[in-house]
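Worksheet: one structure, shown below.
Number of protein chains: 2
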Amino acid sequence: MKPHRTRSDIKREAIINAAKQAFQTYGVNGTTMDKLAQVAQVSKRTVYNHFCTKEELVMYLIRELWSKTMLSVAASYSSVQPLQQQLQALLRIEIDLFTGDEYLELARVAFGHFFYKTDKLRDEICQFTAQETVLHKWLKCAQDDGRLVMDDLQASIKELGCLVRGHCFWPQLLKLEPPLSEEAKQRVAERTAALFLSHYAVERPE
Amino acid sequence: MKPHRTRSDIKREAIINAAKQAFQTYGVNGTTMDKLAQVAQVSKRTVYNHFCTKEELVMYLIRELWSKTMLSVAASYSSVQPLQQQLQALLRIEIDLFTGDEYLELARVAFGHFFYKTDKLRDEICQFTAQETVLHKWLKCAQDDGRLVMDDLQASIKELGCLVRGHCFWPQLLKLEPPLSEEAKQRVAERTAALFLSHYAVERPE
DNA sequence: AAAAAAGTAAACTGCTTAGTGCATTTTATT
DNA sequence: AATAAAATGCACTAAGCAGTTTACTTTTTT
Chain B
1 MKPHRTRSDI
11 KREAIINAAK
21 QAFQTYGVNG
31 TTMDKLAQVA
41 QVSKRTVYNH
51 FCTKEELVMY
61 LIRELWSKTM
71 LSVAASYSSV
81 QPLQQQLQAL
91 LRIEIDLFTG
101 DEYLELARVA
111 FGHFFYKTDK
121 LRDEICQFTA
131 QETVLHKWLK
141 CAQDDGRLVM
151 DDLQASIKEL
161 GCLVRGHCFW
171 PQLLKLEPPL
181 SEEAKQRVAE
191 RTAALFLSHY
201 AVERPE
Chain C
1 MKPHRTRSDI
11 KREAIINAAK
21 QAFQTYGVNG
31 TTMDKLAQVA
41 QVSKRTVYNH
51 FCTKEELVMY
61 LIRELWSKTM
71 LSVAASYSSV
81 QPLQQQLQAL
91 LRIEIDLFTG
101 DEYLELARVA
111 FGHFFYKTDK
121 LRDEICQFTA
131 QETVLHKWLK
141 CAQDDGRLVM
151 DDLQASIKEL
161 GCLVRGHCFW
171 PQLLKLEPPL
181 SEEAKQRVAE
191 RTAALFLSHY
201 AVERPE
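Respectively, the protein sequence lines represent chains B and C. In terms of UniProt numbering, the first sequence has 139 at position 139, counting the first letter as 1, and numbering is strictly consecutive. In terms of UniProt numbering, the second sequence has 80 at position 80, counting the first letter as 1, and numbering is strictly consecutive.
Below, the structure is given as structure tokens:
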């Protein structure tokens with residue numbers, strides 16, 4: 001069945017796209033509703049017909065993009081595959097998530113908007129942090145299987161997170177460094193897995 | 001010789017302190033010049049007598065605090081001390097720098113101000129990044145001494161930086177996590193050094 | 001074709017804020 | 001004590017911006 005995109009739908013989409021782009025480029029405060037309407041090729045009144053206030057538009061964007069980005073991935077531990085190979089693949093998934101345009105743009109809008117409203121930011125972030133469990137589960141399985149020995153699982157997870165985000169998220173969030181190339185992503189996954197495993201993996205000729 | 005702090009000096013200092021605090025709390029945009037004058041217990045006109053524009057005040061603060069923060073530390077490699085001990089101490093210095101109130105507050109003001117002016121941010125940051133050489137030098141010495149083997153020195157430095165900043169800078173910058181306690185700082189230094197060395201240090205009974 | 005729903009343009013309200021002008025008072029210098 | 005320098009209070013300008021109102025046109029639905 002055809003969605004039958006009405007004019008209203010088209011206008012709405014134009015507004016959302018314009019907002020996404022403008023917020024990401026100029027920030028929420030730097031984007032006036034007049035400017036936004038102009039970019040969206042839409043009357044300002046139409047913007048207000050779809051979103052009662054600017055804040056509502058901002059929150060809609062953040063939540064909507066967020067849920068789109070958060071398609072959680074399934075991955076499971078294998079007791080036969082080499083750890084390096086498995087961990088590397090897992091990290092690669094995480095890296096791809098962070099380096100995705102959608103994710104980074106969203107993060108920029110959200111952090112820019114919430115930079116001085118840190119309470120709200122925490123609230124919003126709490127609602128999704130539950131997804132961080134893939135790595136967690138895998139590490140636990142590997143530990144139970146006796147192939148990893150970690151005295152403090154939480155700390156080890158954090159170490160992985162720091163390495164990944166430090167390479168492909170924080171510098172890009174502030175545009176201090178350009179986005180990683182495909183090779184660079186792969187390199188980060190490899191090196192990070194190797195570094196991590198050489199500390200936590202038990203010695204065993206494979 | 002006595003500095004002879006005139007009233008003018010006192011007022012100026014009050015302005016600077018008020019700005020430091022207000023910018024850090026409410027952000028540059030969230031701090032009006034009227035509010036600032038009120039906090040500083042000073043006439044708004046006096047603020048403008050000391051700083052022609054708000055922007056000038058912002059940039060003064062950032063540059064001034066920056067140079068204060070950047071008292072570079074001296075540290076040298078020893079071929080007899082255990083690597084873990086040396087690296088741990090070096091990391092601890094770095095951690096202390098990042099977790100210092102001055103540094104964090106400055107970073108918040110700067111990032112908040114430059115979040116959507118990334119070109120200017122890069123320009124400003126370029127002028128000080130030369131200081132990142134302490135770790136660099138140490139790693140090179142250890143490598144030349146044959147006790148570390150790193151295929152890519154730059155990448156290894158980055159790994160250390162990710163681990164340190166990921167633990168004690170980024171989350172605190174956005175107030176997603178509270179500042180580290182003294183024990184926590186020590187723990188991060190220990191764990192990070194251990195993780196790093198177990199990958200890059202050559203086997204040798206000490 | 002008529003009615004309802006949505007969009008448009010432009011002027012307008014109300015509020016905030018950076019920065020100024022000026023007459024007056026306070027502090028520092030000679 | 002006289003003069004210069006800095007600080008003050010307060011009204012003011014000019015600009016920007018979220019959100020509204022109005023009178024009118026286009027699209028969708030029935």
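Note that CB positions come from ideal geometry on N, CA and C, so glycine has one too.
- Distances from the alpha-carbon of C:Ala14 to those of C:Thr32, C:Ala110, C:Asn29 and C:His50 put C:His50 closest.
- Between C:Leu139 and C:Leu148 a beta carbon distance of about 7 Å is seen, short of the 8 Å cut, so the two are scored as contacting.
- The region 108–128 of chain B and the region 108–128 of chain C touch, with no fewer than 3 CB-CB distances between them shorter than 8 Å.
- Identification of chain B residues near C:Tyr26 by a Cβ-Cβ cut-off of 9 Å yields Tyr116, ordered along the chain.
- Interface criterion met: the Cβ of B:Ser198 is under 7 Å from a Cβ in chain C.
- C:Val134: member of the alpha helix (DSSP H) spanning Thr133 to Asp144, first to last residue.
- The residue among B:Gln41, B:Cys168 and B:Gln24 with its C-alpha nearest the C-alpha of B:Leu61 is B:Gln24.
- Around the CB of B:Cys126, fewer than 16 other CB atoms lie within 10 Å, so the residue is classed as exposed.
- Taking 7 Å as the cut-off between beta carbons, the residues of the region 180–192 of chain B near chain C are Arg191, in sequence order.
- Proximity of the region 150–158 of chain C to the region 84–96 of chain C falls short of the contact definition, fewer than three beta-carbon pairs being nearer than 8 Å.
- At a cut-off of 7 Å, the C-beta of B:Trp170 has a neighbouring C-beta in chain C.
- Listed in chain order, the positions of the region 90–103 of chain B with a beta carbon within less than 8 Å of a beta carbon of chain C would be empty, since no residue qualifies.
- When C-beta atoms of the region 157–164 of chain C are compared with those of the region 179–194 of chain C, three or more pairs fall below 8 Å, so the two segments count as touching.
- For B:Pro178, the CB contacts under 8 Å within the same chain, skipping 5 residues up- and downstream, are Gln172 in chain order.
- At a Cβ-Cβ threshold of 7 Å, B:Glu102 and B:Thr69 count as neighbours.
- Taking a C-beta distance under 7 Å as the contact criterion, B:Val28 and B:Ala37 do not qualify as a contact pair.
- The beta carbon of B:Thr31 is closer than 7 Å to those of Ala22 and Phe23 in its chain, skipping five residues each way along the sequence.
- Non-local beta-carbon contacts of B:Gln84 in its own chain, meaning distances under 7 Å to residues more than five positions away in sequence, involve Ala193, Ala194 and Leu197 in chain order.
- A straight line joining the alpha-carbon of C:Ser43 with that of C:Asn17 spans about 15 Å.
- Of all residues in the region 5–36 of chain C, only Thr25, Tyr26, Gly27, Asn29 and Gly30 place a beta-carbon less than 9 Å from a beta-carbon of chain B.
- Against chain B, the beta carbon of C:Cys126 has no neighbour under 7 Å; the closest one sits roughly 10 Å away.
- In the DSSP assignment, C:Thr99 falls within the unbroken alpha helix (DSSP H) covering Leu83 to Thr99.
- For B:His4, there is no enclosing alpha helix (DSSP H), as DSSP gives it neither H nor E.
- If the five residues before and after C:Ala40 are omitted, its C-beta is found closer than 6 Å to the C-beta atoms of Ala14, Ile15 and Ala18, all from its own chain and listed in chain order.
- In this structure, the CA atom of B:His199 is about 7 Å from the CA atom of C:His199.
- Beyond the five residues adjoining it in sequence on each side, C:Leu121 comes within less than 6 Å, by CB distance, of Phe114 in the same chain, given in chain order.
- In this structure, the CA atom of C:Leu176 is about 29 Å from the CA atom of C:Met33.
- By the beta-carbon neighbour count (other beta carbons within 10 angstroms, threshold 16), B:His4 is exposed.
- For C:Cys141, the closest Cβ of chain B is not nearer than 7 Å.
- Of the candidates C:Gly100, C:Lys11, C:Leu57 and C:Val80, C:Val80 places its Cα closest to the Cα of C:Ala142.
- Nearest in C-alpha terms to C:Asp144, of all of C:Glu124, C:Val164, C:Val202 and C:Phe169, is C:Val202.
- Taken atom to atom, the span from the alpha-carbon of B:Ala184 to that of B:Cys168 is near 9 Å.
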